[in-house]
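One structure is given here, and the rest of the page talks about it.
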Amino acid sequence: ELTCTIKQHGNTNDVSISSPYACSVSWTDSDPHSIDPQPHWSVTDKPTLVYDASTLSPGQLQTVKEQILATCGAGKPECTYDATSQGVRTTPRSEWEPLGAPDANSTDHPDKTYEVDRGWSFSWQTQWSVKAGVSLAFLEKIITAKFEASLSHSWSESQSVSEKHTQKIPYGCTGAFYVEKGEVEITGTFQIVNPSSVDIIKNFTVVFPLANDYNPPNDLPVVHIGVVHSVQWPIKGINPTPTCNGEPRSSPPPGVPAVSVYVG
Numbered sequence: 002e003l004t005c006t007i008k009q010h011g012n013t014n015d016v017s018i019s020s021p022y023a024c025s026v027s028w029t030d031s032d033p034h035s036i037d038p039q040p041h042w043s044v045t046d047k048p049t050l051v052y053d054a055s056t057l058s059p060g061q062l063q064t065v066k067e068q069i070l071a072t073c074g075a076g077k078p079e080c081t082y083d084a085t086s087q088g089v090r091t092t093p094r095s096e097w098e099p100l101g102a103p104d105a106n107s108t109d110h111p112d113k114t115y116e117v118d119r120g121w122s123f124s125w126q127t128q129w130s131v132k133a134g135v136s137l138a139f140l141e142k143i144i145t146a147k148f149e150a151s152l153s154h155s156w157s158e159s160q161s162v163s164e165k166h167t168q169k170i171p172y173g174c175t176g177a178f179y180v181e182k183g184e185v186e187i188t189g190t191f192q193i194v195n196p197s198s199v200d201i202i203k204n205f206t207v208v209f210p211l212a213n214d215y216n217p218p219n220d221l222p223v224v225h226i227g228v229v230h231s232v233q234w235p236i237k238g239i240n241p242t243p244t245c246n247g248e249p250r251s252s253p254p255p256g257v258p259a260v261s262v263y264v265g
């Protein structure tokens, strides 16, 4: 009988699945009962497949997320990881989230009061689109081991804030509130060993909510856990075009964007 097993140096644990190496056996003579069967063992690297998460399609990215959760998220030895960059950021305007629905003033003169009294929430589970109860405890090791001391306690798995906000909407304008969030952003490389291959996933990014306002060094601006912005834009079809308060909208509100054309 000719077999092979990959084991860790110094013990008898079978690590054939989690090892980046594979072994195979063969007989030089097709008949192992011949006078000179000549058994052979071969140890090789498993084929390596490299993926760049920054270039994957949404469907491919979701597959990668599920693979990382099934291995790294479960703490399996088949997964190793290393943070290549990490820091604190505020979400760009294109990622601001609406706080409630927008409100249009098409009948009231001169101004209409628009008030929202509700909270917003954010969690890494929302960012990853995973089911509640799934833990990413393995990323805590990245943060604890890699982050400088000032950042090691700056993240949380979820963040919720409840506030009241009010704005005056001029006639002919639509008003809305958007939330700009503070986040801890970690980008890293994940290596997942499969029975027959090794998958390396580069430039994979995970974001966590800030646990509290972050004061960066060198007198840089404070990054808040969340800032609510009042945004207004003209209602299409009202002449003359009204003058609305606030800067022009660049993030569309829920529903039909104001720049769209009704065709039926």
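For the sequence shown, our numbering gives the first residue as 2, with consecutive numbering after it.
Note that CB positions come from ideal geometry on N, CA and C, so glycine has one too.
Label Val180 either buried or exposed according to how many other C-beta atoms from any shown protein chain fall within 10 Å of its C-beta, with 16 as the threshold for buried. By the C-beta density criterion, Val180 is buried, having at least 16 other C-beta atoms within 10 angstroms.
In this structure, does DSSP put Lys77 in helix, strand or coil? coil
Taking the Cβ atom as the reference point for each residue, do Asp30 and Lys203 lie within a distance shorter than 7 Å? no
Who are the Cβ neighbours of Pro38 in its own chain at under 8 Å, not counting the five residues just before and after it? Trp28, Thr29, Asp30, Asp32
Could you spell out the range, first to last residue, of the alpha helix (DSSP H) harbouring Leu128? The sequence as given places Gln at residue 128; Leu does not occur at that position. That run of the alpha helix (DSSP H) goes 125-129.
Contact check, Lys47 vs Val185 under 8 Å by CB: the rounded distance? Contact flag wrong, Cβ pair sits at about 34 Å.
Flag this pair as yes or no: are the beta carbons of Ala84 and Ser157 separated by less than 7 Å? no
Check for me: the beta strand (DSSP E) holding Ala23 runs from which residue to which? 22-28
Can you tell me which residues form a DSSP beta bridge with Gly120? Ser163
Just how far apart, CA to CA, sit Trp125 and Gln160? Rounded to the nearest whole angstrom, the C-alpha separation of Trp125 and Gln160 is 9 Å.
Among the residues of its own chain, which have a CB less than 8 Å from the CB of Lys8, if the five just before and after it don't count? Asn14, Asp15, Val16
Within the same chain, show all residues whose beta-carbon is closer than 7 Å to that of Gly88, passing over the 5 residues directly before and after it, in chain order. Glu186
Glu184 by DSSP, collapsed to three states: which one? Residue state, collapsed to three classes: strand.
Using the three-state DSSP reduction, which class does Ser95 fall into: helix, strand or coil? Of the three classes helix, strand and coil, the one that applies to Ser95 here is helix, per DSSP.
From what residue to what residue does the beta strand (DSSP E) around Pro222 run? Per DSSP, Pro222 belongs to no beta strand (DSSP E) and is neither H nor E.
Measure from the alpha carbon of Pro93 to the alpha carbon of each residue in Gly227, Ala105, Thr56, Asn246, then state which is nearest. Taking the Cα of Pro93 as reference, the smallest distance to any Cα among Gly227, Ala105, Thr56, Asn246 is reached at Gly227.
Going straight from the alpha carbon of Thr45 to that of Thr190, what length do you get? Approximately 23 Å between the Cα atoms of the pair.
Taking its Cβ as the centre, do 16 or more other Cβ atoms sit within 10 Å of Asp104, making it buried, or is it exposed? buried
Leaving out five residues on either side along the sequence, give the residues of the same chain with a beta carbon under 8 Å from the beta carbon of Thr6. Asp15, Ser17, Cys24
Please check the pair Val65 and Trp121, which I expect to be a contact at CB under 8 Å, by giving their CB distance rounded to whole angstroms. That pair is no contact at about 28 Å.
To which residues does DSSP link Gly189 through a beta bridge? Ala84, Phe205
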